[in-house]
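A.B. asks: Questions regarding the structure given below will be posed in turn.
Printed below as a string of structure tokens:
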């Protein structure tokens with residue numbers, strides 16, 4: 157029987173959002189965010205640990221916060237391949253003047269809206285290119301799921317894009333925990349298959 161696809165967002169990175177910065181400074185802040193591992197106080201929820209334990213395959217983005225999330229979810233007891241195809245969708249700093257200062261989360265919203273509308277400065281992956289990457293990701297996850305449950309530890313917006321791609325391909329989202337917050341996850345059942353009663357317990 158084809159396994160499930162599970163996507164999880166990383167835990168909270170070790171970088172403060174309690175600052176007000178310019179758009180230019182946001183570019184530097186986001187670079188530090190990408191370099192950050194998890195905050196020392198972060199621990200995975202038991203539900204995610206159980207999903208990782210039951211997964212035949214666990215994969216990760218190459219960014220430290222995702223790698224450490226996968227390591228904590230698996231207890232460091234297994235090899236977790238990391239691949240740059242799973243990194244977050246770009247968040248280029250908006251081309252706004254330096255007199256305007258916002259918090260990083262607010263800049264993130266502005267950046268995501270502009271990027272979704274087609275803004276991508278030179279060297280930044282365009283939205284169309286990211287959707288192409290997401291289509292390849294979905295194919296890879298489906299290939300792994302053919303052998304059993306697969307868990308991907310990645311990023312918030314990328315996971316949302318993967319959700320859209322999987323649903324369009326006929327997968328059914330059967331569970332969602334934590335919304336889109338840190339340590340959240342989504343579970344997808346394959347097209348045309350219904351998981352037997354008790355299989356959830358058996359997988360754990």
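In our numbering, the protein residues as written are 157 to 360.
Yeah, the Cβ is synthetic: ideal placement off N, Cα and C, and Gly gets one too.
This one's a predicted model, so the numbers in the text were calculated from it and none came from an experiment.
Give the secondary structure of residue 220 by DSSP, where H, G and I count as helix, E and B as strand, and everything else as coil.
C.D. replies: Counting from 1 along the chain shown, the entry for residue 220 is found at position 64. DSSP places residue 220 in helix when its eight states are reduced to three.
A.B. asks: Taking all protein chains shown into account, do 16 or more other C-beta atoms lie within 10 angstroms of the C-beta of residue 287, making it buried, or fewer, making it exposed?
C.D. replies: Locating residue 287 in the chain shown gives position 131, counting from the first residue. That one is exposed.
A.B. asks: By the three-class DSSP mapping on this structure, what secondary structure does residue 247 have?
C.D. replies: For the purposes of this step, residue 247 is taken as the residue at position 91 of the chain shown. Coil, per DSSP.
A.B. asks: On a CA-only basis, which of 185, 301, 252 and 201 is nearest residue 159? Give me that one, please.
C.D. replies: Residue mapping note: residue 159 aligns to position 3 of the chain shown, counting from 1. When only C-alpha atoms are compared, the closest one is 301.
A.B. asks: Any idea if residue 233 is buried or exposed, counting beta-carbon neighbours within 10 angstroms, 16 or more meaning buried?
C.D. replies: Stepping through the chain shown from its first residue, residue 233 is reached at position 77. It is exposed - the Cβ of residue 233 has fewer than 16 other Cβ atoms within 10 Å.
A.B. asks: From residue 331 to residue 211, what distance separates their C-alpha atoms?
C.D. replies: To locate residue 331, count along the chain shown from 1; it is residue 175. To locate residue 211, count along the chain shown from 1; it is residue 55. Spanning the two alpha carbons is a distance of roughly 16 Å.
A.B. asks: Kindly indicate which three-state DSSP category residue 332 falls into: helix, strand or coil?
C.D. replies: Numbered from its first residue, the chain shown carries residue 332 at position 176. Here residue 332 sits in strand by DSSP.
A.B. asks: Which value, in whole angstroms, describes the spacing of the CA atoms of residue 215 and residue 329?
C.D. replies: Walking along the chain shown from the start, residue 215 turns up at place 59. Walking along the chain shown from the start, residue 329 turns up at place 173. In a straight line, the C-alpha of residue 215 is about 19 Å away from that of residue 329.
A.B. asks: Nearest by alpha-carbon distance to residue 293: which of 279, 318 and 285 is it?
C.D. replies: For the purposes of this step, residue 293 is identified with residue 137 of the chain shown, where counting begins at 1. Answer by Cα proximity: 318.
A.B. asks: So residue 227 packs on residue 313, CB below 8 Å; how close in whole Å?
C.D. replies: The sequence position of residue 227 within the chain shown is 71, counting from 1. The sequence position of residue 313 within the chain shown is 157, counting from 1. 22 Å between Cβ atoms; not a contact.
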